[in-house]
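> The sequence shown begins at 57 in the working numbering and counts up one residue at a time. Yeah, the Cβ is synthetic: ideal placement off N, Cα and C, and Gly gets one too.
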Amino acid sequence: MGKNLTKRSEDYSKWYNELVLKADLAENSGVRGCMVIKPYGYAIWEKMQAQLDKMFKETGHQNAYFPIFIPKSYLSKEASHVEGFAKECAVVTHYRLKNAEDGSGIVVDETAKLEEELIVRPTSETIIWDTYRKWIQSYRDLPLLINQWANVVRWEMRTRLFLRTTEFLWQEGHTAHAEKQEAIEEAELILGIYAAFAEEYMAVPVIKGTKTASERFAGAVETYCIEALMQDGKALQAGTSHFLGQNFAKAFEVKFANREGVQDYVWATSWGVSTRLMGALIMTHSDDNGLVLPPKLAPIQVVIVPIYKGLDQREAITERVTPLIKELRAKGISVKYDDRDTHKPGFKFNEYELKGVPLRLAVGQRDLENGTFEVARRDTLEKETVQAADIIPRIETLLEEIQQHIFSKAEAFRESHITRVDSYQEFKSVLEAKGGFLLAHWDGTPETEEKIKDETKATIRCIPLQPGTEAGKCMVSGKPSPYRVLFAKAY
């Protein structure tokens, strides 16, 4: 199983694709560019979803649901928004099928053409702001803090499981505020939630920043982002929140009476993360043996594998572990007892190593006699023997240690792959030889940004929120630059 994986050092892309399939996370479907998320992969996404949902609700947000279909005219109301998504839209033009008259099969009924085409949502700003117009009349209706868990469609030519698919799952928050500063603070609050989730639960270190004008979300005044670094030295945008100003409020006539009774447009934000986080999780931690999952997001945190000969030994082991399983579950630790007699212990060890289960306990006849468990960590592959009386506190300690260890390991890798460069030649050399994040001066012009992108395939991932005060000269144009920005090749 895991031994059959292509090594990361040989072909990182192939390793990733094989791992997603072999670890039973997802597979390609009969619909081009769309994936089937398998139960094990979906269980990880459910844990992500549950924790994020809790964090949103703790900050006053509520969930709602809006239509998957958006009238074409809605998209045209905000010019930069439609321009940003026009090439990715799937369009519904008819509402009925019929049998072909020549008996050749099903065809579109040409008489059932829609009066107005419907867009399968690429994002929901337009349909939501059309709705908010009816919900908001007064400052008493604000702030309006709404989140939606949904699927979206963005037509992609080149797809890769989890990282870029035509249809994907996500959450999208859309909020309305009476004051500009309040909306900016909302976008920054959500960025903080995303960063905390990435680091504390996914164990993925991230850099917070803002996007350049050319990289902003279509229709946004400011886009905030978190950027993570994968093991192949490429960056992955792991979440974004957007300050939309009053652009959508003006496009959809969303006004409110303020405390003085004067009509004004509301201030808006939107924000989202998607199943792309699954790709970040896989690529940040996993190794040549398979997945490495942080305990906080692992569907199975502890697996217990009995090693026995005959039914009597099997029953004795089951009797030993049943109270342990009950106590661990009472503490909120997810446990699987794999007593299948259709597979040998070696096969099971390999399977759970491939699937990234943080802790594996093995129990054999000698363990029964000695009152012990063999405990194996997935992150380091180290094994130890633990007395039965100590097993529960040891499991709790190890799960915490594994969570911290894989974060520290990812953080150390990232720090060793952040390089400060001063010349364009040095930039190109480091990018080619080492990759990773490059901190360099940029003159702030879209022309220089585009030149760097065209010549090196590297983009400005963000302007760090704490860029420092080191002024300098742009590595390309030599013009003044107030601070360094973060470059990388990216997914």
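How should V477 be labelled, buried or exposed, when 16 other C-beta atoms within 10 angstroms of its C-beta is the threshold for buried?
Position 421 of the sequence shown, counted from the first residue, corresponds to residue 477. The residue in question, V477, is buried, as its Cβ has 16 or more Cβ neighbours within 10 Å.
> Quick one: using the 10 Å Cβ neighbour count with 16 as the cut-off for buried, is R416 buried or exposed?
As a working note, residue 416 is residue 360 in the sequence shown. Buried, since its Cβ has 16 or more Cβ neighbours within 10 Å.
> Taking 6 Å as the cut-off, is the CB of S330 close to at least one heavy atom of the ligand GTP?
Absence of the ligand GTP is noted for the structure shown, with no ligands found whatsoever.
> Taking the runs of the beta strand (DSSP E) that are 3 residues or longer, which of them lie wholly in the region 207–293?
If we require 3 residues or more, the beta strand (DSSP E) runs fully inside the region 207–293 come out as 223–233, 263–266 and 278–285.
> Determine the extent of the alpha helix (DSSP H) in which I458 is found, giving its start and end residues.
By one-based count along the sequence shown, residue 458 stands at place 402. I447 to S472 is the span of the alpha helix (DSSP H), which, as asked, contains I458.
> Going by DSSP, what residue range makes up the alpha helix (DSSP H) through E83?
Indexing the sequence shown from 1 puts residue 83 at position 27. Unbroken run through E83 is the beta strand (DSSP E), A82 to N84; no alpha helix (DSSP H).
> Counting only the same chain and skipping the five closest in sequence on each side, list residues whose C-beta sits under 8 Å from that of T475.
As a position in the sequence shown, residue 475 is number 419, starting the count at 1. Closer than 8 Å at the Cβ level, and outside the excluded window around T475, lie V486, K490, G492, F493, L494 and L495.
> Can you find the residues in the same chain that come closer than 7 Å, C-beta to C-beta, to T512, ignoring five residues on each side of it along the sequence?
Taking the sequence shown and counting its residues from 1, the one referred to as residue 512 is at position 456. Result list for T512: K484 and L487, in chain order.
> In the DSSP assignment, find the unbroken beta strand (DSSP E) run with D320 in it and report its ends.
On the sequence shown, residue 320 is found 264 positions in, with the first residue counted as 1. Looking at the DSSP string, the run of the beta strand (DSSP E) that includes D320 is Q319 to Y321.
> So, for A146: in the same chain, excluding its five sequence neighbours on each side, which residues have a beta-carbon less than 6 Å away from its beta-carbon?
In the sequence shown, counting from the first residue as 1, residue 146 sits at position 90. Around A146: V176, V209 and W211.
> Compare the C-beta of Y321 with all C-beta atoms of chain C and state if any pair is closer than 7 Å.
Looking for chain C here will not work: only one protein chain is present.
> For N203, which option in R152, E407 and S297 has the closest C-alpha, if you only look at C-alpha atoms?
Numbered from its first residue, the sequence shown carries residue 203 at position 147. Comparing Cα-Cα distances from N203 to each of R152, E407 and S297, the minimum goes to S297.
> How about F273 and E134: are their beta carbons less than 7 Å apart?
The residue you call residue 273 lines up with position 217 of the sequence shown. The residue you call residue 134 lines up with position 78 of the sequence shown. Result no, Cβ atoms of F273 and E134 do not sit closer than 7 Å.
> Once you ignore the five residues that flank Q319 on each side, which residues in its own chain have a CB closer than 7 Å to its CB?
The residue labelled residue 319 in the question sits at position 263 within the sequence shown. If we look at Q319 and ignore the five residues flanking it on each side, its Cβ neighbours are K311 and A313.
> Near A284, what residues of its chain come up, given a Cβ to Cβ distance below 6 Å and the 5 sequence neighbours on each side ignored?
Here the question's residue 284 lines up with position 228 in the sequence shown. Once the five neighbours on either side are set aside, the close Cβ partners of A284 are V260, V262, L292, A294 and A336.
> Which partner residues of Y393 appear in the DSSP bridge assignment?
Position 337 of the sequence shown, counted from the start, is the residue given in the question as residue 393. DSSP, once it has assigned bridges, lists I360 as partnering Y393.
> For Q357, which residues from the same chain have a beta carbon less than 8 Å from its beta carbon, with the 5 sequence-adjacent residues on both sides left out?
Working through the sequence shown from its first residue, we reach residue 357 at position 301. Taken in chain order, the residues that qualify are P351, I389, S390, V391, V413, P414, L415 and L455.
> Would you mind working out which of I458, I338 and L424 sits nearest I373, comparing C-alpha positions?
Taking the sequence shown and counting its residues from 1, one reaches residue 373 at position 317. Here the closest residue by C-alpha is L424.
> Would a C-beta distance cut-off of 7 Å place A82 and K63 closer than the cut-off?
To locate residue 82, count along the sequence shown from 1; it is residue 26. To locate residue 63, count along the sequence shown from 1; it is residue 7. No. Outside cutoff.
> If you draw a straight line from the C-alpha of K529 to the C-alpha of P536, how long is it?
Position 473 of the sequence shown, counted from the first residue, corresponds to residue 529. Position 480 of the sequence shown, counted from the first residue, corresponds to residue 536. Looking at the two C-alpha atoms, the distance is approximately 5 Å.
> Going by other Cβ atoms of all chains shown within 10 Å of its Cβ, with 16 needed for buried, is R214 buried or exposed?
Here residue 214 refers to the residue found at position 158 of the sequence shown. It counts as exposed.
> Between the beta-carbon of P228 and the beta-carbon of G328, is there less than 7 Å?
Your numbering for residue 228 matches position 172 in the sequence shown. Your numbering for residue 328 matches position 272 in the sequence shown. It is worth fixing the name first, because residue 228 is Glu in this sequence and not Pro. Yes, the pair counts as a contact, with Cβ atoms nearer than the cut-off.
> State the DSSP-derived secondary structure class of M531, mapped to helix, strand or coil.
Here the question's residue 531 lines up with position 475 in the sequence shown. DSSP places M531 in coil when its eight states are reduced to three.
> Does the count of Cβ pairs from the region 418–437 and the region 362–371 closer than 8 Å reach three?
Yes: at least three Cβ pairs fall under 8 Å.
> Under the three-state reduction of DSSP, which class applies to P350: helix, strand or coil?
Stepping through the sequence shown from its first residue, residue 350 is reached at position 294. If DSSP states are grouped into helix, strand and coil, P350 belongs with coil.
> Round the Cβ separation of A243 and Y280 to the nearest angstrom and send it over; I've been treating them as touching at under 8 Å.
Residue mapping note: residue 243 aligns to position 187 of the sequence shown, counting from 1. Residue mapping note: residue 280 aligns to position 224 of the sequence shown, counting from 1. A243 to Y280, Cβ: 6 Å. Contact.
> Using a threshold of 7 Å, state whether the C-beta atoms of T378 and L225 are closer than that.
To locate residue 378, count along the sequence shown from 1; it is residue 322. To locate residue 225, count along the sequence shown from 1; it is residue 169. Taking 7 Å as the Cβ cut-off, T378 and L225 do not qualify as a contacting pair.
> Considering only C-alpha positions, which residue in the set I508, R517, F469 and L247 is nearest to Y480?
To locate residue 480, count along the sequence shown from 1; it is residue 424. Among I508, R517, F469 and L247, the Cα nearest to that of Y480 is on I508.
> Can you name, in chain order, every residue of its own chain whose Cβ lies under 7 Å from the Cβ of A634, other than the five neighbours on each side?
As displayed, the chain neither begins before 57 nor continues past 547, which places residue 634 out of reach and without an answer.
> DSSP three-state label for H341, please.
As a working mapping, residue 341 is identified with position 285 in the sequence shown. H341 falls in the helix class under three-state DSSP.
> Considering E488, what are the terminal residues of the alpha helix (DSSP H) in which it resides?
Counting from one through the sequence shown, the residue named residue 488 turns up at place 432. Its alpha helix (DSSP H) spans residues Y480 to A489.
> Work out the CA separation of A239 and P199 for me, nearest whole Å.
Numbered from 1 along the sequence shown, position 143 holds the residue referred to as residue 199. Numbered from 1 along the sequence shown, position 183 holds the residue referred to as residue 239. Taking the straight line joining both Cα atoms gives about 9 Å.
> Would D499 and S533 qualify as a contact pair, given that the criterion is a beta-carbon distance under 7 Å?
Here residue 499 refers to the residue found at position 443 of the sequence shown. Here residue 533 refers to the residue found at position 477 of the sequence shown. Cβ distance < 7 Å, so D499 and S533 count as in contact.
> Output needed for Q443: all residues of its chain with C-beta closer than 7 Å, excluding positions within five of it in sequence on either side, in chain order.
In the sequence shown, the residue the question calls residue 443 occupies position 387. Here the set comprises G427 and T428.
> For the beta strand (DSSP E) containing A496, name the first residue and the last one.
Working through the sequence shown from its first residue, we reach residue 496 at position 440. F493 to H497 is the extent of the beta strand (DSSP E) around A496.
> Hey, how far is the Cα of E467 from the Cα of K128?
Residue 467 sits at position 411 when you count from the first residue of the sequence shown. Residue 128 sits at position 72 when you count from the first residue of the sequence shown. Straight-line Cα distance between these residues: approximately 45 Å.
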